[in-house]
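S.K.:
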Amino acid sequence: MRYLPKSPAEREQMLQAVGARSVDELFRSIPETFRLRAPLPLPGPLSEAEIIQYFQARAAENSRGFVSFLGAGVYSHLRSVVTDSLVQRGEFLTSYTPYQAEISQGTLTAIFEFQTLMCQLTAQEVANASMYDGSTALTEAALMANRITGKSRVLVARSVHPEYREVLRTYAKHTGIEVEEIAYQPSGELDRAALNQTRLSGAAALIVQSPNFFGVLEDVPALAEAAHASGALLVAGIAEPVSLGIVRPPAEADIVAIEGQAFGVPPSYGGPYVGVIATREKFVRQMPGRLAGQSADDQGRRGFVLTLATREQHIRREKATSNICTNEALYALVTTIHLCLLGKEGLREMALQNLSKARFALAELEKIPGVRRAFSGRFFNEFALEFPRSVKLINAALLREKIAGPFVLGRHYPELTKRGLVCVTETMPRAEIERFANALRRILETPL
Amino acid sequence: MRYLPKSPAEREQMLQAVGARSVDELFRSIPETFRLRAPLPLPGPLSEAEIIQYFQARAAENSRGFVSFLGAGVYSHLRSVVTDSLVQRGEFLTSYTPYQAEISQGTLTAIFEFQTLMCQLTAQEVANASMYDGSTALTEAALMANRITGKSRVLVARSVHPEYREVLRTYAKHTGIEVEEIAYQPSGELDRAALNQTRLSGAAALIVQSPNFFGVLEDVPALAEAAHASGALLVAGIAEPVSLGIVRPPAEADIVAIEGQAFGVPPSYGGPYVGVIATREKFVRQMPGRLAGQSADDQGRRGFVLTLATREQHIRREKATSNICTNEALYALVTTIHLCLLGKEGLREMALQNLSKARFALAELEKIPGVRRAFSGRFFNEFALEFPRSVKLINAALLREKIAGPFVLGRHYPELTKRGLVCVTETMPRAEIERFANALRRILETPL
Amino acid sequence: MNSKLTETEAPARPGEPAGMIRKAGRHVSQNEGLIFEKSAPGKRGMELPPLDVPACNPAAALGADFVRDGIEGFPEVSEIEVIRHFTRLSTWNYAIDLGMYPLGSCTMKYNPRVNEYVARLDGLATEHPQQSAGLSQGCLRIIHDLKECLLAITGMDAATLQPVAGAQGELAGLLMIRAYLESRGNPRKKVLIPDSAHGTNPASVVIAGYEVRNIRSNDRGQIDTDHLREFATEDVAALMVTNPSTLGVFEERIHEIAGILHERGALLYMDGANMNALAGIARPGDFGVDVMHLNLHKTFSTPHGGGGPGAGPVMVKKILEPFLPVPVVVRTDDGRFALDANRPRSIGRVRAYCGNFGVLLRALAYILAYGPGIRQATEDAVLNANYIRNGIEDAYDLPYKLPSMHEVVFSDSRQKRHGVNTMDIAKRLIDYGFHPYTTAFPLIVPGALMIEPTESESKEECDLFIAAMRSIAAEAESNPEIVKTAPHSTRVGRLDEVAAARKPILRWRPSDEDRRPETSAVGLSKGPRP
Amino acid sequence: MNSKLTETEAPARPGEPAGMIRKAGRHVSQNEGLIFEKSAPGKRGMELPPLDVPACNPAAALGADFVRDGIEGFPEVSEIEVIRHFTRLSTWNYAIDLGMYPLGSCTMKYNPRVNEYVARLDGLATEHPQQSAGLSQGCLRIIHDLKECLLAITGMDAATLQPVAGAQGELAGLLMIRAYLESRGNPRKKVLIPDSAHGTNPASVVIAGYEVRNIRSNDRGQIDTDHLREFATEDVAALMVTNPSTLGVFEERIHEIAGILHERGALLYMDGANMNALAGIARPGDFGVDVMHLNLHKTFSTPHGGGGPGAGPVMVKKILEPFLPVPVVVRTDDGRFALDANRPRSIGRVRAYCGNFGVLLRALAYILAYGPGIRQATEDAVLNANYIRNGIEDAYDLPYKLPSMHEVVFSDSRQKRHGVNTMDIAKRLIDYGFHPYTTAFPLIVPGALMIEPTESESKEECDLFIAAMRSIAAEAESNPEIVKTAPHSTRVGRLDEVAAARKPILRWRPSDEDRRPETSAVGLSKGPRP
Ligand SMILES: Cc1ncc(COP(=O)(O)O)c(C=O)c1O
Ligand SMILES: Cc1ncc(COP(=O)(O)O)c(C=O)c1O
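Residue numbers (the numbering used here), protein chains in the order written: chain A, 224 to 671; chain B, 224 to 671; chain C, 236 to 765; chain D, 236 to 765.
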């Protein structure tokens with residue numbers, strides 16, 4: 224087998240060296256009854272060429288040839304081939320967690336740069352080496368708030384990504400954390416009225432997302448003020464971080480939970496992505512996940528190491544700040560390289576293009592009779608539309624035009640079956656936006 | 224511009240450092256009249272994304288979706304993604320000719336391995352670090368034979384790749400080398416009758432190719448004997464080296480000129496490929512091209528260097544064995560990695576699959592009324608067919624079936640307008656062979 | 236430092252005595268500052284196609300106080316600088332592609348290149364997790380096919396592929412146990428964990444709302460069944476056992492252990508991180524396991540990438556199927572695939588979407604390459620571990636003598652006498668051209684040397700490793716200093732971890748430039764001459 | 236060796252004096268034998284899909300005496316061994332991706348990654364050169380578009396993109412000159428070449444059937460026009476001039492030179508290898524050049540790949556168009572592209588098919604990225620060369636003082652006094668983290684240091700280079716020994732080239748194993764213990 228570097232003769236020599244008559248002897252500690260006699264019923268073995276054929280066949284069964292206006296937590300942005308060619312270097316791709324600093328300085332230096340970039344983007348003081356993704360980062364932020372405040376109730380806006388809220392509930396359920404949801408107002412922003420002191424007081428944290436699931440920006444400074452007024456922390460989730468290129472950072476939030484996918488990570492049907500938690504220096508010891516820190520050797524040469532490990536499971540076990548061990552290091556590296564390439568100007572320009580294209584698309588779509596914007600709040604590259612009929616029906620028709628249409632808000636918000644989310648990034652050509660608008664007009668003109 | 228690592232401020236500082244008031248001053252030695260004022264009328268600048276769009280558009284204008292039975296000097300064989308991922312490492316891709324051995328040991332070691340592999344394949348004693356391709360390798364082999372023998376006439380079989388012969392004529396014309404062609408016989412082999420002593424005597428070399436352009440194997444030992452009998456050298460060209468996995472190597476030839484494309488190099492519309500010259504140790508000083516040799520440092524550590532450079536243009540100038548400088552090093556590396564992966568068994572298996580598939584295809588095609596094999600000689604993975612009508616017409620019809628049909632021998636052999644070359648490698652699925660046969664049958668059944 | 240250097244340099248020379256450094260030398264290596272130190276206003280590394288719609292004014296679009304200006308300190312560098320920066324950094328790493336990476340419990344095996352290739356195919360990497368099932372048949376089929384393979388390998392009944400790491404798999408598995416017990420009236424209070432367990436086990440137990448109760452191993456490193464009988468009370472929900480254990484030995488009485496738990500209505504959870512010792516040889520489903528997770532980034536070769544990503548599928552017995560996380564990939568009668576999220580008894584979601592699809596895809600590619608031949612990989616992995624054990628057994632103390640499976644755990648007790656501990660030996664291995672083994676784990680072995688070669692190592696590489704370990708053992712006696720101060724061949728020496736934790740510097744700040752110890756180019760930008 | 240090591244090690248330390256080694260340190264590096272030394276019967280690195288037709292018997296198919304058996308000594312290794320072998324080898328190379336590669340005349344600039352990406356696209360890499368023009372419109376369009384770009388940059392009238400290297404371009408150009416002169420009655424006998432020319436020039440002249448006549452440069456490194464007048468007799472076919480010359484200086488009287496030749500019915504050939512100094516600034520077509528070649532692997536950034544591939548398009552004036560090699564890519568009235576091979580006056584083919592298409596494609600991608608902005612690249616290249624010249628002018632002898640363009644040539648005459656020559660300085664640069672410049676070329680500068688930074692180098696990298704060169708100049712006086720014995724930081728020291736040429740070992744042979752100096756794993760396979 225091509226992955227195995229042994230010849231039959233070498234296997235024999237090695238068996239002799241260990242004094243075993245047969246390879247079965249090596250498994251003698253497994254009770255006879257549990258040892259398989261028959262080969263496993265698995266497909267294969269396949270040659271490399273056949274493996275490629277299998278996956279090409281699968282790829283052809285997906286959405287190839289369709290134009291998609293989906294965002295809803297996962298965003299298509301330009302990526303440079305430079306990033307991919309660098310992360311595929313074996314030295315990055317096939318190395319382990321950098322516990323042995325002296326021969327892991329490449330990874331450690333990159334993590335240190337990643338942490339710095341995340342702090343710069345969020346206007347926070349410290350960021351960790353990565354979490355699984357945005358949904359678990361937001362969830363861990365809630366658990367972290369609970370540890371910091373010692374309070375067990377968290378308030379989460381209904382405008383937070385529905386699947387993030389599901390994950391939060393799963394984790395919260397048996398850690399004694401009570402999750403309360405806060406409604407949204409017609410603007411799509413969190414309903415400040417529903418956020419009275421009584422609900423806030425005694426809460427560990429108020430958890431919002433900005434831009435939120437409806438694409439609407441929350442007023443982070445105001446919400447932070449409200450939360451702080453009653454001793455709660457503000458946790459800000461960010462699922463579309465490209466917005467940070469132009470939108471005011473959540474400096475007033477106490478914990479920021481990011482989904483970094485938009486920074487050069489392919490959609491890949493849901494993962495791997497890269498989550499991050501950024502926060503204030505004073506909370507660092509309550510942070511989950513790994514941290515790289517600067518140090519020096521006996522000759523004063525700068526180097527980096529994993530640090531503050533006493534927070535982690537391999538040292539603290541049941542007292543750890545989290546059970547996370549393997550994280551998403553390779554995608555933190557992707558994000559780091561991508562942001563270095565994009566740079567200060569590039570990130571701003573990309574954000575501006577999103578801002579402009581989304582507005583162009585909205586204008587085109589609003590021209591269609593019966594179609595109007597669903598929420599009045601500020602938005603970045605995603606907005607909800609109200610349609611004269613159910614989004615499901617509309618999407619069925621759009622599929623025939625090779626368009627993957629608006630995200631069906633009704634899936635998670637029963638009250639919004641006629642509303643759909645449209646996302647337009649810099650990757651969407653004007654011509655496709657116009658084609659979408661024309662298709663939609665035609666569809667709505669034809670009576671049911 | 225993204226490829227340029229300077230900020231405007233840095234350019235200013237550097238201009239000041241060199242004491243220039245403006246960048247134009249740096250070009251003062253170019254007479255004013257010749258300095259361009261207007262920008263060049265070039266397309267661009269394009270971003271990375273636009274460059275990819277441009278080339279994807281071009282790719283869509285080619286043969287995508289067609290099945291091809293073309294060989295005729297360029298062969299489609301399985302390649303491993305491993306090869307491509309290794310040659311794209313910057314350390315190989317972006318390094319220069321290894322003149323500075325101490326920091327080029329990677330390239331030099333690989334060249335040494337390449338030379339060894341080429342010797343093993345051809346049963347020759349020495350091989351060089353690469354030539355441009357098969358056509359120039361064969362041509363340089365002729366010039367080399369001329370230098371070795373001091374004779375100026377070369378005999379070349381008409382069954383040698385027609386474009387190779389054209390290149391030979393171009394190079395021979397003004398180096399005082401006379402090129403005489405030798406006919407082929409019905410078997411497709413060189414016509415031994417035409418090869419009488421009178422023609423051979425006084426000739427520097429007899430030049431053949433095996434498998435030849437018709438896909439037919441030449442009887443190298445016999446031809447070598449004939450050539451040697453009258454003091455001529457035998458030059459053997461090999462355009463389909465995968466044959467060497469199963470076919471007897473040209474051990475009796477004095478010079479072997481190889482086109483290595485079949486060993487893992489993509490067709491890429493004609494290049495880059497990789498030529499090689501292999502020969503006897505005693506002729507090494509007449510060889511063109513670079514050579515890597517083993518050496519050691521002052522502590523006896525093994526290392527490799529470019530050697531016998533006194534043959535080359537940078538030392539010998541007009542007295543050099545060739546004008547070649549830049550060669551095809553990266554593709555010699557591709558070939559080396561590919562052959563290491565394939566290995567002894569793999570190469571033989573691949574050759575056997577070619578042998579078997581070509582015979583299966585021939586049998587299927589010969590079942591078609593009016594279609595018969597054109598030459599009776601031994602063949603590897605390519606054979607010529609005789610059709611009841613012109614191949615041009617047949618191909619026109621096959622195009623409609625999304626098949627790129629037989630190579631039109633009439634293009635180079637006026638007497639063979641009804642003959643076409645069919646190549647079948649291990650990459651051709653049985654189903655496609657059958658589809659081809661059925662299409663051909665249908666076409667020939669419909670009267671003109 | 237030179238005397239030490241001489242030691243590490245010398246072996247690269249000919250005619251060296253046996254046991255000197257054969258595998259590695261030293262070579263020139265590029266210094267490099269942080270990317271921020273290369274930044275200059277106006278440099279660009281990536282450009283965008285021109286905007287093809289009217290540009291809008293951000294302040295007008297968002298309101299002035301919602302707009303930010305340029306990010307202070309954000310890098311501005313060119314494409315070639317990025318290429319060089321990360322290429323240079325990469326050369327400071329050790330990797331599987333460079334040599335043996337014998338980290339015990341981590342299963343650092345070869346990561347096939349074709350898996351990287353297929354993961355990037357247009358039509359797979361490009362697929363959006365929110366697109367309809369109708370447009371995702373290829374992705375769903377991949378998830379389904381992998382699930383079938385993993386069920387065959389583990390002998391379990393149902394599975395979720397949503398968890399994105401082993402630890403998350405543990406949590407999902409424990410939550411299913413809890414949901415199951417709850418459905419039978421009482422979730423119970425405790426989960427038993429052997430003292431040899433990995434840290435994520437207890438950490439996950441807590442999030443699942445259980446108390447951890449550690450149970451000790453007997454002097455053979457096996458679970459003490461009497462002890463277990465006594466601890467497995469009515470309020471115990473489950474035992475989390477790693478099998479083979481982190482000592483690399485099979486729990487010979489695993490079936491009896493399962494029996495003890497089942498008698499008492501508790502379940503058996505198996506941490507499957509060590510499945511590389513069993514794939515194709517034995518199936519946990521056959522020896523009494525109720526729930527288990529797999530680490531696809533270990534047993535199934537998906538690249539660790541410097542710490543992640545991973546995937547931690549959870550395999551369960553029928554009784555637990557109703558509690559699987561949502562959504563579940565189902566095959567409808569017409570042979571098409573769908574996502575079923577409507578499962579009232581589910582524990583809910585542990586992560587958004589369908590988990591780390593890109594990792595699942597690679598694991599399937601790996602399994603397809605072997606087919607039933609995966610047994611050969613397991614055999615080679617166990618053969619390598621035993622070959623290494625046999626090669627150094629007389630030089631290092633082996634606290635637990637039971638037959639080794641895929642890994643072997645020694646202790647540094649013999650070297651300790653010379654003041655040399657497991658960390659010193661590990662660092663010295665670097666000079667010999669190897670990545671260290673896992674140190675100080677499992678906790679039941681003081682000063683542990685945990686060695687897992689995997690099947691990816693040739694006899695040649697194993698022989699070099701054995702020679703290196705023997706040579707270091709000799710050095711520990713003849714020249715302990717050189718071991719205690721290792722590594723000597725790396726661009727930076729041992730780094731001060733204590734200082735790093737005392738005054739943490741966790742991010743670059745402009746001011747850092749001045750106090751950067753290692754000169755980097757920035758120090759030069761002032762120009763070379765005074 | 237340690238004292239030297241101290242020198243090279245020390246600079247990596249803080250507080251070092253100016254002029255010490257800042258750019259590089261040393262790091263552990265894997266040893267590795269030859270692939271043949273890792274071979275063992277039965278190992279496989281690549282497997283094939285099963286044969287889907289009946290397998291034939293080779294002896295029956297070919298006749299027993301046409302069949303060969305297994306190739307003796309051919310490697311048998313696994314996929315991971317191949318990955319490790321070539322990954323390890325690669326780490327022994329220096330490369331543009333690692334730092335400045337200032338080889339004069341070689342134009343080692345950044346090789347954009349996107350060019351590698353597009354060259355591999357399905358529909359481009361997959362295209363067969365024998366397929367009909369109808370199925371090749373995309374490829375032909377790429378060749379056509381590139382030709383148009385190159386004509387715009389050079390100001391010439393027609394071109395062939397078939398030559399696959401500069402040297403082949405030279406030959407093609409000279410053959411066209413010959414064909415043209417022949418068509419006018421007399422091919423003539425000689426081609427004039429300045430003494431500063433590259434070795435391929437005279438070598439190509441001979442293949443074109445001409446005699447080489449060297450003409451000397453004047454004391455300013457320019458062509459001596461009086462001398463030229465005297466040499467440019469009736470039997471001179473052409474002058475081959477490199478402009479800017481290999482001294483990096485522009486031939487200020489190039490137009491007058493063209494005049495002299497044209498008066499006498501001879502043509503002016505320009506070696507365009509140094510076009511990186513002119514692109515966007517001046518066009519050879521404007522200053523009297525009749526024929527020229529370009530090195531796309533230099534000026535237009537296609538990767539050198541350790542020695543090749545390249546492409547050497549030849550650009551000509553109208554009068555030479557009829558003689559272009561066949562085939563020529565033409566655009567038909569309907570806007571489609573075709574290959575015209577029916578050109579009776581053509582010099583014929585210089586290579587099969589359409590040349591190195593994959594290289595042409597990359598060059599076009601490079602040009603499209605810059606567009607008219609290519610002028611900026613040229614300006615930066617010339618700025619870097621002058622900045623470096625200015626930075627070390629007082630430390631090294633500059634034999635020719637005319638303004639430098641893209642490169643600058645010093646001589647080692649000052650260092651010679653201390654017994655240090657250009658090769659020593661070059662080797663010492665390696666310890667400082669740089670690839671050496673070009674040594675001992677051009678021949679008119681004894682002990683030349685030929686330095687070409689290209690536009691791809693940042694100010695930071697240039698400053699480090701200047702500091703290194705200045706430091707070495709100081710070492711040449713204070714400690715010549717350390718320079719003469721350099722490099723000290725590489726895994727192998729200076730290799731004995733004389734011995735290599737005296738008894739050439741040009742291939743591995745099984746027997747070599749025994750006498751391999753550097754121990755490799757094979758020495759170990761016998762097992763670590765006596
Ligand atoms: C035995 C064992 N259990 C659990 C884990 C945790 O898996 P992960 O790191 O994927 O969360 C690991 C790996 O670190 C392990 O070795
Ligand atoms: C000035 C000059 N002319 C000609 C050549 C020859 O070009 P090539 O190596 O592509 O044949 C070179 C490059 O080596 C060169 O530098």
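Beta carbons: idealized from backbone N, C-alpha and C, even for Gly.
Measure the C-alpha to C-alpha separation of S318(B) and F321(D) and round it to an integer number of angstroms.
M.R.: Counting from one through the second sequence, the residue named residue 318(B) turns up at place 95. Counting from one through the fourth sequence, the residue named residue 321(D) turns up at place 86. Roughly 15 Å separates the two Cα atoms.
S.K.: Please go through the region 602 to 677 of chain C and give each complete beta strand (DSSP E) segment of 3 or more residues, from N-terminal end onward.
M.R.: 643 to 646
S.K.: Would you mind stating whether G339(D) and M685(D) have Cβ atoms separated by less than 7 Å?
M.R.: What you label residue 339(D) is simply residue 104 of the fourth sequence in a count that begins at 1. What you label residue 685(D) is simply residue 450 of the fourth sequence in a count that begins at 1. The answer is yes: Cβ separation under 7 Å.
S.K.: Q239(B) by DSSP, collapsed to three states: which one?
M.R.: The residue you call residue 239(B) lines up with position 16 of the second sequence. Of the three classes helix, strand and coil, the one that applies to Q239(B) here is helix, per DSSP.
S.K.: By the criterion of Cβ-Cβ separation under 8 Å, what are the contact partners of A232(B) in chain C?
M.R.: To locate residue 232(B), count along the second sequence from 1; it is residue 9. Neighbours of A232(B) on chain C, chain order: A275, P276, G277.
S.K.: For ligand 2, which residues count as neighbours when the test is a C-beta closer than 6 Å to any heavy atom?
M.R.: Proximity annotation: ligand 2 has residues C548(B), T549(B), S340(D), A400(D), G401(D), A402(D), H433(D), T435(D), T477(D), T481(D), D506(D), A508(D), N530(D), G545(D), G547(D) in chain order, each selected because its CB is closer than 6 Å to a heavy atom of the ligand.
S.K.: Can you give me the C-alpha to C-alpha distance between G242(B) and R624(D), rounded to a whole angstrom?
M.R.: Position 19 of the second sequence, counting from 1, holds the residue named residue 242(B). Position 389 of the fourth sequence, counting from 1, holds the residue named residue 624(D). About 12 Å.
S.K.: Quick one: Cα of Q613(A) to Cα of L585(A), how far?
M.R.: Within the first sequence, numbered from 1, the residue matching residue 613(A) stands at position 390. Within the first sequence, numbered from 1, the residue matching residue 585(A) stands at position 362. Per the sequence shown, residue 613(A) should be read as Ser rather than Gln. Those two C-alpha atoms are separated by around 19 Å.
S.K.: Within the same chain, show all residues whose beta-carbon is closer than 8 Å to that of A452(B), passing over the 5 residues directly before and after it, in chain order.
M.R.: The count along the second sequence starts at 1 and reaches residue 452(B) at position 229. These residues qualify, in order along the chain: Q420, L423.
S.K.: Counting only Cβ pairs nearer than 9 Å, list the residues of chain A close to V539(C).
M.R.: Your numbering for residue 539(C) matches position 304 in the third sequence. It should be noted that the sequence gives His, not Val, for residue 539(C). Neighbours of H539(C) on chain A, chain order: L316, T317, S318, Y319, T320, T549, A552, L553.
S.K.: Between which residues of its own chain and S286(B) is the CB-CB distance below 7 Å, once the five residues before and five after are set aside?
M.R.: Locating residue 286(B) in the second sequence gives position 63, where the first residue counts as 1. So the list reads A627, once near-sequence residues are dropped.
S.K.: Give me the DSSP bridge partner(s) of G460(A).
M.R.: For the purposes of this step, residue 460(A) is identified with residue 237 of the first sequence, where counting begins at 1. DSSP output for G460(A) lists Q432(A), A480(A) as bridge partner(s).
S.K.: With H, G and I counted as helix, E and B as strand and the rest as coil, what does DSSP make of M281(C)?
M.R.: Sequence index remark: in the third sequence, residue 281(C) carries index 46 (1-based). Coil, per DSSP.
S.K.: Within its chain, find whatever has a CB closer than 8 Å to the CB of A620(D); leave out the 5 residues flanking it on each side and keep chain order.
M.R.: Locating residue 620(D) in the fourth sequence gives position 385, counting from the first residue. Hits under 8 Å: G483, S639, M640, H641, E642, V643, I686, E687, P688.
S.K.: At which residue ranges does the region 252 to 324 of chain A contain complete beta strand (DSSP E) runs of 3 or more residues, listed in the order of the chain?
M.R.: none
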